[in-house]
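S.K.: Just dropping this structure here.
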Amino acid sequence: MRFLTRFIIVYLCLISAHVHAEVVSYQFNIDYKEMNITGESVLAMSINNQIPAPTVEAKVGDVLKVTFNNLMDVETSIHWHGILLPNDQDGVPYLTTSPIKVGASFTYEFPVIHSGTYWYHSHTGLQEQRGIYGSIIFNEKQQHYQYDEEKVIVLSDWINENPKQVLRNLKREDDYYSLKKDAVQSWDKIIANGLPALKNRFNRARIRMGAMDISDVGYDAFLINGKQQSSNEDVKPGSKVRLRIINAGASSYFYVDYAGGEMTIIEADGVAVIPVKVDRLRIAIAETYDVIIEIPQLEKAYELRATSEDVTGYASMYLGKGEVVTVKPLEKPNPFLVDHSMHMVSVDKSDHENHNMMHMKHKNESDIKVLNEYKGLRSLTHTTLDVNNPKREMLLRLTGSMERYVWSFNDKTLSEDDKILIKKGENVRFILKNETMMHHPIHLHGHFFRVLNGEGAHSPLKHTVNVPPFQTVVIEFYANEEKDWFFHCHNLYHMKNGMARVVRYEDSKPNNDLNTLFYKNINTNGDPWYSFADTSFQSNMMAGELWSMNTRNTFNIHYDFNYEDEYDVDAFYERRMSRFLGVFFGANIERDSDDVSNTIVTGINYTLPLLIESNLRFDSYGKFRLELQSDYQLSERINFDWIWNTDDEYRFQIKYDVNKKISAVINNDSDFDYGVGLLIHF
Ligand SMILES: [Cu+2]
61 MRFLTRFIIV YLCLISAHVH AEVVSYQFNI DYKEMNITGE SVLAMSINNQ IPAPTVEAKV
121 GDVLKVTFNN LMDVETSIHW HGILLPNDQD GVPYLTTSPI KVGASFTYEF PVIHSGTYWY
181 HSHTGLQEQR GIYGSIIFNE KQQHYQYDEE KVIVLSDWIN ENPKQVLRNL KREDDYYSLK
241 KDAVQSWDKI IANGLPALKN RFNRARIRMG AMDISDVGYD AFLINGKQQS SNEDVKPGSK
301 VRLRIINAGA SSYFYVDYAG GEMTIIEADG VAVIPVKVDR LRIAIAETYD VIIEIPQLEK
361 AYELRATSED VTGYASMYLG KGEVVTVKPL EKPNPFLVDH SMHMVSVDKS DHENHNMMHM
421 KHKNESDIKV LNEYKGLRSL THTTLDVNNP KREMLLRLTG SMERYVWSFN DKTLSEDDKI
481 LIKKGENVRF ILKNETMMHH PIHLHGHFFR VLNGEGAHSP LKHTVNVPPF QTVVIEFYAN
541 EEKDWFFHCH NLYHMKNGMA RVVRYEDSKP NNDLNTLFYK NINTNGDPWY SFADTSFQSN
601 MMAGELWSMN TRNTFNIHYD FNYEDEYDVD AFYERRMSRF LGVFFGANIE RDSDDVSNTI
661 VTGINYTLPL LIESNLRFDS YGKFRLELQS DYQLSERINF DWIWNTDDEY RFQIKYDVNK
721 KISAVINNDS DFDYGVGLLI HF
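Under my numbering, residue 742 is the last one in the sequence shown; the count climbs by one each step, no gaps.
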């Protein structure tokens, strides 16, 4: 009886709590917006005509109700990044939630059950790069931090080019943006960096690794709250300001520096941590950090600067008024003296020990404190999982490379392997082993996981974790949800190119047509083709290449023609078996003076150490031929390539890139002799 009474009281309380929950509503329009950030007018995407979108703010206990009207002529969606919410409100189009169709409205509604700084963004195509992102503040019922005011700091990256074109460029050429970023790793610079750099490059080539990649895209600007430069004159000297820093960049990591002193981290990914002071904050894509800064007593304008990790640009916000106090600019990382796991190969032993490139310092600021991959980041509360739960452990290798611009888990893209099955009630542990040269910010929807960073019971809870090149990060979480949750690299271009999975609770499969459509779409459209062409007009010949590729297949047509009656045409289909091995078959038509030969050919392409491409082929006349080729970037714009085969045919070519569309070439070919001309890239 007593139990029943208590039960009824609790039940009534729950009802009244629900009845009294305040509904916080927003009405937003998603539409195109003409933007001009760097002198070029660009059709971007905005929410309520703003980039970033307006802040969504509510407090724990509220019900959030946000309606979006899609005024664009393409469908869209909104994902609530880092928020715990019902599966059908998560906003991954088709997987969990209906897309917001053209001309339609959609209302997301969910209870706010935890506090923190988060963000929302489109999960459709590459729209996030175009501007559909905004901040979320969920306030606690009772504030327990001490500060005078707070500011939201949304970091993002901006490119004038259409993101679809960006993706195509990355598919075409692994270092497409290096010229734009002033980061071409050419031999003249390697030599200028001396013996350690030469050795380093040789060692990399020996294990078939190309130049170091820090970032994929060459951006036109980096933004704080949509601006390259801004100021906040109203902050008071001596006051404490809470900054809610969100990295909404599509593919940029940032360093945040503050000219007024240290920053005290109080929350990471919206979760309270034991306060830790840093001089510089490094923030991976899609993470959030809350820090408290002090505005010095002296009335001046103190710079808060977000520098992209590749140090190709930055955005500044000035806090306070008066004389400007700037941040000491970061030095560009030297890619020539960093090995494949981003360790310094410099001869200076003290530098060599522990500092990876991300913490390369200005020579006289050697005591700068930056959190090194979450070491020293400690949750305020114990986060240990119940040891009695059944356990599931999975190795997820982060795989892929810049060469074909394919990114994957365990060598398989989302379209090749779509699900990771787990069960409710398990302690799930993912071992994330990065086998690539790039950082990957890995994000799980609808959950917080512990990052096993050596802090034991205080391991921090996060929704996004950075996994550095050639390093392993272990995460674990208690599986207390249901249905399907997206799990992916938050570098937008990596996600789009395969580094994604669905974490499915196998005991509660979603059962609706929408979800079925998601998997159908992956199968039919999940591996798009990209087509390219090169053609050259030279004094001695015309040559060209047309190719189409997706994750594992390539169709290639190659031709040479000497303006008389000699030509050579190859048409091949190649299947990529691994990063280094491809198997092909096709046909060759060759005409020398008056002799025409048609041959069926098959063979393998294999990348040899020192990055020499070998092609071993066997033709219908029973003849073998081995062909070798390679190329070297001599200077920023000059490239040398050679090709030689066992029929003693050869070609040497020097190419000067006028721009990304046109190169001037000069070559010597065993069949066509010397020539000069132009090479055009389509
Ligand atoms: Cu990635």
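Where is the CB? At the ideal position from N, CA and C, for every residue including glycine.
Suppose you measure from the CA of VAL534 to the CA of LYS337; what does that come to, to the nearest Å?
M.R.: Roughly 25 Å separates the two Cα atoms.
S.K.: Under DSSP, the alpha helix (DSSP H) around HIS554 begins and ends at which residues?
M.R.: Taken as a continuous stretch (DSSP letters only), the alpha helix (DSSP H) holding HIS554 covers 552 to 556.
S.K.: Tell me, to the nearest whole angstrom, how far the beta carbon of GLY286 is from that of PRO114; I am working on the premise that it is less than 8 Å.
M.R.: At roughly 12 Å, the Cβ-Cβ gap does not stay under 8 Å, so GLY286 and PRO114 are not in contact.
S.K.: Grab the span of the alpha helix (DSSP H) containing LYS259 for me, first residue to last.
M.R.: 255 to 266 is the span of the alpha helix (DSSP H), which, as asked, contains LYS259.
S.K.: Taking the beta carbon of GLN149 as the centre, do at least 16 other beta carbons fall within 10 Å, making it buried, or is it exposed?
M.R.: Its Cβ being crowded by 16 or more others within 10 Å, GLN149 is buried.
S.K.: Are the CB atoms of LEU215 and ILE305 within a distance shorter than 9 Å?
M.R.: In this structure, LEU215 lies closer than 9 Å to ILE305 by Cβ.
S.K.: Hey, which unbroken runs of the beta strand (DSSP E) at 3 residues or more fall wholly within the stretch 301 to 354?
M.R.: Taking only runs of at least 3 residues, the beta strand (DSSP E) segments lying wholly in the stretch 301 to 354 are 314 to 318, 323 to 328, 331 to 338, 340 to 343 and 348 to 354.
S.K.: So LYS125 and VAL172 are in contact, right, with Cβ under 8 Å, and what is the actual spacing, rounded?
M.R.: Incorrect: roughly 11 Å between the Cβ atoms, too far for contact.
S.K.: Kindly identify the DSSP beta-bridge partner or partners of LYS472.
M.R.: BP columns for LYS472 point to PHE469.
S.K.: Assign TYR237 to one of two classes, buried (16 or more other C-beta atoms within 10 Å of its C-beta) or exposed (fewer than that).
M.R.: With 16 or more Cβ atoms within 10 Å of its Cβ, TYR237 is classed as buried.
S.K.: Would LYS231 and MET555 qualify as a contact pair, given that the criterion is a beta-carbon distance under 9 Å?
M.R.: Contact: no.
S.K.: Just reading off the alpha helix (DSSP H) that VAL226 is part of, what are its end residues?
M.R.: Segment 223 to 232, the alpha helix (DSSP H) holding VAL226.
S.K.: Going by CA-CA distance only, name the one from ASP446, TYR465, LEU445 and ASN470 that's closest to ASP457.
M.R.: Strictly speaking, residue 457 in this sequence is Arg, with Asp absent from that position. Among ASP446, TYR465, LEU445 and ASN470, the Cα nearest to that of ARG457 is on ASN470.
S.K.: Buried or exposed, going by whether 16 or more other CB atoms sit within 10 Å of the CB of LYS241?
M.R.: Result: buried.
S.K.: Rounded to whole angstroms, what is the Cα-Cα separation between LYS472 and PRO520?
M.R.: One C-alpha to the other measures close to 29 Å.
S.K.: So, are the CB atoms of ALA647 and ILE660 less than 9 Å apart?
M.R.: In contact: ALA647 and ILE660 (Cβ atoms closer than 9 Å).
S.K.: Taking all protein chains shown into account, decide if ARG302 is buried (16 or more other Cβ within 10 angstroms of its Cβ) or exposed.
M.R.: By the neighbour-count rule (16 or more Cβ atoms within 10 Å), ARG302 is buried.
S.K.: Any heavy atom of ligand 1 closer than 8 Å to the beta-carbon of TRP247?
M.R.: Checking every heavy atom of ligand 1 against the Cβ of TRP247, none is found closer than 8 Å.
S.K.: Measure the beta-carbon distance from HIS503 to HIS550 and round it to whole angstroms, keeping in mind my assumption that it falls under 8 Å.
M.R.: HIS503 to HIS550, Cβ: 5 Å. Contact.
S.K.: To the nearest angstrom, how far is it from the Cα of GLU433 to the Cα of ASN513?
M.R.: Answer to the nearest angstrom: the Cα atoms are 8 Å apart.
S.K.: Would you tell me roughly how many angstroms separate the C-alpha atoms of ALA308 and MET269, rounded to the nearest one?
M.R.: Going by the C-alpha atoms only, they are around 30 Å apart.
S.K.: To which residues of the same chain is SER85 closer than 6 Å at the C-beta, ignoring the five residues directly before and after it?
M.R.: Excluding sequence neighbours, SER85 sits near LYS125.
S.K.: Among the candidates ARG685, MET95, ASP234 and ASP691, whose CA atom is the shortest distance from the CA of LEU670?
M.R.: The residue with the shortest Cα to Cα distance from LEU670 is ASP691.
S.K.: Report the partner residues of PHE198 according to the DSSP bridge assignment.
M.R.: For PHE198, which the question treats as bridged, DSSP gives the partners ALA118 and GLY176.
S.K.: Would you mind working out which of GLU626, ILE726, THR156 and ILE160 sits nearest LEU743, comparing C-alpha positions?
M.R.: Residue numbering for the chain in the displayed model covers 61 to 742; residue 743 lies beyond these limits and cannot be assessed.
S.K.: Tell me which residue opens and which closes the beta strand (DSSP E) that ASN432 is part of.
M.R.: Segment: none, ASN432 is in no beta strand (DSSP E) and carries neither H nor E.
S.K.: ASN551: beta carbon under 8 Å from a heavy atom of ligand 1?
M.R.: It does: the Cβ of ASN551 is within 8 Å (strictly closer) of some heavy atom of ligand 1.
S.K.: Would you mind giving the Cβ-Cβ distance between ASN705 and LEU686, rounded to the nearest angstrom? I have them listed as a contact below 8 Å.
M.R.: Yes, ASN705 and LEU686 are in contact; Cβ-Cβ is about 6 Å, under 8 Å.
S.K.: Would you mind working out which of GLU486, LYS483 and PRO528 sits nearest ILE345, comparing C-alpha positions?
M.R.: Checking every option, the nearest Cα to that of ILE345 belongs to PRO528.
S.K.: CB-CB under 7 Å to THR444, same chain, minus the five flanking residues each way: which ones, in chain order?
M.R.: Closer than 7 Å at the Cβ level, and outside the excluded window around THR444, lie ALA517.
S.K.: Between the stretch 258 to 276 and the stretch 193 to 202, are three or more C-beta pairs nearer than 8 Å?
M.R.: No, the stretch 258 to 276 is not in contact with the stretch 193 to 202.
S.K.: Taking TRP247 as part of the alpha helix (DSSP H), name the residues at either end of that continuous run.
M.R.: Segment 247 to 252, the alpha helix (DSSP H) holding TRP247.
S.K.: Going by DSSP, what residue range makes up the alpha helix (DSSP H) through ILE740?
M.R.: First-last for ILE740: 733 to 741, but that is the beta strand (DSSP E), not the alpha helix (DSSP H).
S.K.: Name the two residues that bound the continuous alpha helix (DSSP H) containing ASP573.
M.R.: Its alpha helix (DSSP H) spans residues 573 to 585.
S.K.: Going by C-alpha distance, which of ASP370, HIS174 and GLN531 is nearest GLU391?
M.R.: The option with the nearest alpha carbon to GLU391 is ASP370.
S.K.: So, is GLU363 buried or exposed, given that buried needs 16 or more other C-beta atoms within 10 angstroms?
M.R.: Burial call: buried.
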